[in-house]
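Numbering (mature numbering (1 follows the signal peptide of the UniProt record, and there is no 0)), first residue to last: -27 to -1, 1 to 141. In what follows, a structure is listed as C-alpha coordinates, so that the remarks can point back to it.
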(Lines of atoms letter the chains of each structure in order from A and count residues from 1; the text may use other names and numbers.)
(Lines give C-alpha, C1' and ligand atoms only; values in the text may rest on other atoms or scores of the structure.)
Protein backbone atom coordinates (compact mmCIF):
# COMPACT_ATOMS: atom_id res chain seq x y z
CA UNK A 1 0.00 0.00 0.00
CA UNK A 2 1.08 3.55 -0.69
CA UNK A 3 1.51 5.98 2.15
CA UNK A 4 -1.09 8.71 1.65
CA UNK A 5 -0.05 12.31 1.28
CA UNK A 6 -1.91 15.35 0.07
CA UNK A 7 -0.99 16.99 -3.27
CA UNK A 8 0.42 19.98 -1.35
CA UNK A 9 2.64 17.66 0.67
CA UNK A 10 3.88 16.09 -2.57
CA UNK A 11 4.72 19.54 -3.92
CA UNK A 12 6.52 20.53 -0.71
CA UNK A 13 8.47 17.29 -0.61
CA UNK A 14 9.35 17.71 -4.29
CA UNK A 15 11.06 21.05 -3.65
CA UNK A 16 13.04 19.56 -0.78
CA UNK A 17 13.96 16.51 -2.84
CA UNK A 18 15.14 18.66 -5.76
CA UNK A 19 17.77 20.04 -3.44
CA UNK A 20 18.77 16.79 -1.73
CA UNK A 21 18.32 13.79 -4.03
CA UNK A 22 20.04 12.76 -7.22
CA UNK A 23 17.85 13.03 -10.33
CA UNK A 24 17.37 9.24 -10.61
CA UNK A 25 15.68 9.06 -7.19
CA UNK A 26 13.48 12.07 -7.98
CA UNK A 27 11.77 10.13 -10.78
CA UNK A 28 10.71 7.40 -8.34
CA UNK A 29 9.18 9.95 -5.97
CA UNK A 30 7.19 11.63 -8.77
CA UNK A 31 5.90 8.20 -9.86
CA UNK A 32 4.87 7.44 -6.27
CA UNK A 33 2.89 10.69 -5.92
CA UNK A 34 1.16 10.27 -9.28
CA UNK A 35 0.19 6.66 -8.46
CA UNK A 36 -2.33 7.91 -5.89
CA UNK A 37 -5.93 8.08 -7.15
CA UNK A 38 -7.40 11.42 -8.21
CA UNK A 39 -10.83 12.86 -7.41
CA UNK A 40 -13.63 10.68 -8.82
CA UNK A 41 -11.54 7.52 -9.17
CA UNK A 42 -12.63 4.29 -7.47
CA UNK A 43 -10.90 3.42 -4.20
CA UNK A 44 -11.10 1.04 -1.26
CA UNK A 45 -9.45 3.13 1.46
CA UNK A 46 -8.34 6.69 2.26
CA UNK A 47 -4.68 5.82 1.71
CA UNK A 48 -5.28 5.24 -2.02
CA UNK A 49 -6.40 8.84 -2.66
CA UNK A 50 -4.39 12.03 -3.18
CA UNK A 51 -6.97 13.77 -0.96
CA UNK A 52 -6.78 10.92 1.59
CA UNK A 53 -10.61 10.80 1.40
CA UNK A 54 -12.37 7.67 0.07
CA UNK A 55 -16.16 7.67 0.59
CA UNK A 56 -19.49 6.76 -1.01
CA UNK A 57 -20.82 9.64 -3.09
CA UNK A 58 -24.24 8.32 -4.14
CA UNK A 59 -26.68 5.50 -3.45
CA UNK A 60 -24.14 3.31 -5.27
CA UNK A 61 -22.26 1.40 -2.53
CA UNK A 62 -18.89 1.80 -4.35
CA UNK A 63 -16.43 4.26 -2.89
CA UNK A 64 -14.56 7.00 -4.74
CA UNK A 65 -11.81 9.50 -4.01
CA UNK A 66 -13.47 12.77 -3.01
CA UNK A 67 -12.17 16.20 -2.11
CA UNK A 68 -12.28 17.31 1.51
CA UNK A 69 -14.43 20.18 2.81
CA UNK A 70 -12.93 23.61 3.50
CA UNK A 71 -12.55 22.42 7.10
CA UNK A 72 -10.58 19.39 5.80
CA UNK A 73 -13.34 16.95 6.76
CA UNK A 74 -13.89 13.81 4.73
CA UNK A 75 -17.68 13.45 4.48
CA UNK A 76 -19.66 10.60 2.97
CA UNK A 77 -22.58 11.28 0.67
CA UNK A 78 -25.86 11.59 2.56
CA UNK A 79 -29.35 10.79 1.35
CA UNK A 80 -31.69 13.62 0.33
CA UNK A 81 -35.21 13.97 1.74
CA UNK A 82 -37.71 11.17 0.96
CA UNK A 83 -35.06 8.42 0.71
CA UNK A 84 -35.40 5.44 3.06
CA UNK A 85 -33.06 5.44 6.06
CA UNK A 86 -32.41 3.69 9.34
CA UNK A 87 -30.60 6.41 11.32
CA UNK A 88 -30.29 10.23 11.35
CA UNK A 89 -26.67 10.29 10.14
CA UNK A 90 -27.67 8.80 6.75
CA UNK A 91 -29.66 11.94 5.85
CA UNK A 92 -28.52 15.36 4.60
CA UNK A 93 -31.09 16.85 7.01
CA UNK A 94 -29.84 14.61 9.86
CA UNK A 95 -33.50 13.63 10.38
CA UNK A 96 -34.66 10.03 9.80
CA UNK A 97 -38.23 9.41 10.99
CA UNK A 98 -41.41 7.46 10.32
CA UNK A 99 -43.65 9.40 7.93
CA UNK A 100 -46.81 7.28 7.95
CA UNK A 101 -48.55 4.37 9.61
CA UNK A 102 -46.31 1.78 7.86
CA UNK A 103 -43.48 2.60 10.31
CA UNK A 104 -40.93 2.76 7.46
CA UNK A 105 -38.24 5.38 8.05
CA UNK A 106 -37.45 8.21 5.60
CA UNK A 107 -35.18 11.26 5.47
CA UNK A 108 -37.30 14.31 6.23
CA UNK A 109 -36.51 18.03 6.59
CA UNK A 110 -36.32 19.49 10.08
CA UNK A 111 -38.80 22.16 11.18
CA UNK A 112 -37.89 25.86 11.18
CA UNK A 113 -36.95 25.33 14.83
CA UNK A 114 -34.52 22.56 13.73
CA UNK A 115 -36.63 19.82 15.30
CA UNK A 116 -36.84 16.33 13.84
CA UNK A 117 -40.47 15.36 14.37
CA UNK A 118 -41.78 11.91 13.42
CA UNK A 119 -45.17 11.25 11.87
CA UNK A 120 -47.91 10.84 14.46
CA UNK A 121 -51.29 9.18 14.25
CA UNK A 122 -54.32 11.37 13.51
CA UNK A 123 -57.36 11.52 15.79
CA UNK A 124 -59.40 8.32 15.83
CA UNK A 125 -56.46 5.92 15.35
CA UNK A 126 -55.67 3.19 17.88
CA UNK A 127 -52.75 4.03 20.17
CA UNK A 128 -50.88 2.81 23.23
CA UNK A 129 -49.09 6.02 24.29
CA UNK A 130 -49.63 9.81 24.08
CA UNK A 131 -46.46 10.25 21.99
CA UNK A 132 -48.01 8.24 19.12
CA UNK A 133 -50.72 10.87 18.54
CA UNK A 134 -50.58 14.25 16.75
CA UNK A 135 -52.72 15.61 19.56
CA UNK A 136 -50.37 14.02 22.14
CA UNK A 137 -53.55 12.57 23.70
CA UNK A 138 -54.19 8.80 23.81
CA UNK A 139 -57.06 7.69 26.05
CA UNK A 140 -60.00 5.30 26.17
CA UNK A 141 -63.01 7.29 24.97
CA UNK A 142 -65.29 4.94 26.92
CA UNK A 143 -65.12 1.79 29.01
CA UNK A 144 -65.58 -0.64 26.11
CA UNK A 145 -63.30 0.76 23.38
CA UNK A 146 -59.55 0.62 22.76
CA UNK A 147 -57.22 3.53 23.48
CA UNK A 148 -57.51 6.08 20.66
CA UNK A 149 -55.93 9.37 19.66
CA UNK A 150 -58.42 12.12 20.51
CA UNK A 151 -58.25 15.92 20.26
CA UNK A 152 -57.31 17.87 23.35
CA UNK A 153 -60.21 19.71 24.90
CA UNK A 154 -61.08 22.42 27.37
CA UNK A 155 -59.80 25.93 27.94
CA UNK A 156 -56.25 24.71 28.63
CA UNK A 157 -56.27 22.11 25.81
CA UNK A 158 -55.88 19.23 28.21
CA UNK A 159 -55.98 15.53 27.43
CA UNK A 160 -59.40 14.78 28.88
CA UNK A 161 -61.85 11.97 28.15
CA UNK A 162 -64.91 12.90 26.12
CA UNK A 163 -67.81 13.69 28.41
CA UNK A 164 -71.22 12.60 27.21
CA UNK A 165 -74.20 14.82 28.12
CA UNK A 166 -76.16 13.69 31.17
CA UNK A 167 -79.56 12.21 30.49
CA UNK A 168 -82.12 13.66 32.87
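Heads up, the beta-carbon is just placed ideally off N, CA and C, and yes, glycines get one too. In this text the structure is predicted, and so the values were computed from the model without any measurement.
- In the DSSP assignment, residue 28 falls within the unbroken beta strand (DSSP E) covering 27 to 29.
- Pairing residue 50 with residue 67, the inter-Cα distance amounts to about 12 Å.
- Cβ contact annotation for residue 100 (same chain, cutoff 7 Å, sequence separation greater than five): 94, 106, 111, 120, 121 and 122, in chain order.
- DSSP places residue 71 inside the beta strand (DSSP E), whose first and last residues are 69 to 71.
- Short of 8 Å from the beta carbon of residue 40, and not among the five residues preceding or following it, lie these beta carbons of its own chain, in chain order: 12, 24 and 26.
- For residue 78, the uninterrupted beta strand (DSSP E) segment begins and ends at 78 to 80.
- Under the three-state reduction of DSSP, residue 59 is assigned to coil, being neither helix nor strand.
- Excluding residues up to 5 positions away in sequence, 96, 122, 123, 124 and 125 lie with their Cβ nearer than 7 Å to the Cβ of residue 108 in the same chain.
- Scanning its chain for C-beta atoms nearer than 7 Å, with the 5 sequence neighbours on each side dropped, one finds around residue 52 the residues 58, 63, 64, 65 and 80, in chain order.
- Residue 126 sits in a strand when the DSSP states are folded into three classes.
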